[in-house]
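Please read the structure below before turning to the comments.
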Amino acid sequence: MVLLKLQKWLAASVLSCGRGKVWLDPNEGNEISMDNSHQNMRKLVKDGFIIRKPTKIHSRSRTCRMKEAKKKGRHSGYGKHKGTREAKLPTKVKGNVFKNKHVLMENIQKKKTEKDREKTLSDKFEARRANNKAIRERKFARQEEHLAQ
């Protein structure tokens, strides 16, 4: 087999990529070895003896699968912890107000339910206000119509 180091370097220069991305046709080794200029490399690229390899695909499917599992609480037991308990959930959370994670989570849940309750109440009041306004407008329109007759 012929040494095609120079040709590969020239081809990489022509294709504007690295030498690892360049594919030289193994069947045309002798013809490629004769050419030693950028112009000749361009001709070989046009003929299809030299090709730029496609980029490799880096699939994220495994990562996504793992993320889904972690969302469900898998792969997060004591064996997976790196660092101290404090590193996992520092006591500094909320200025050391909560004594442990359980109490913190309870508080978060309580706040969420409170927020939802307030939202539903405000929506109810808003709907009632809109309804009353519509009734008032209908009543006013009826009175105007009655006065016009």
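One point on numbering: in UniProt numbering, the residue at position 121 of the sequence shown is 121, and numbering is uninterrupted.
Glycine residues also receive a C-beta, built at the ideal position from the N, C-alpha and C atoms.
As the structure is a computational prediction, the values presented were derived from the model and not from experiment.
Notebook entry, point to check: Excluding five sequence neighbours on each side, which residues of the same chain lie with their C-beta closer than 7 Å to the C-beta of Asp35?
Noted result: Gln7, Met41 and Leu44
Check: Helix or strand or just coil, what does DSSP make of Val22?
Finding: strand
Next item on the list: Please state whether DSSP places Arg65 in a helix, a strand or coil.
Entry: helix
Next item on the list: Could you tell me the distance, in whole angstroms, from the CA atom of Ile50 to the CA atom of Glu68?
Entry: 43 Å
Notebook entry, point to check: CB-CB under 7 Å to Lys70, same chain, minus the five flanking residues each way: which ones, in chain order?
Noted result: Ser76
Notebook entry, point to check: Grouping DSSP H, G and I as helix and E and B as strand, with all else coil, what is Arg52?
Noted result: strand
Note to self: So, under 8 Å CB-CB, Val22 and Arg52 are touching, yes? Tell me the CB distance rounded to an integer number of Å.
What the structure shows: 7 Å
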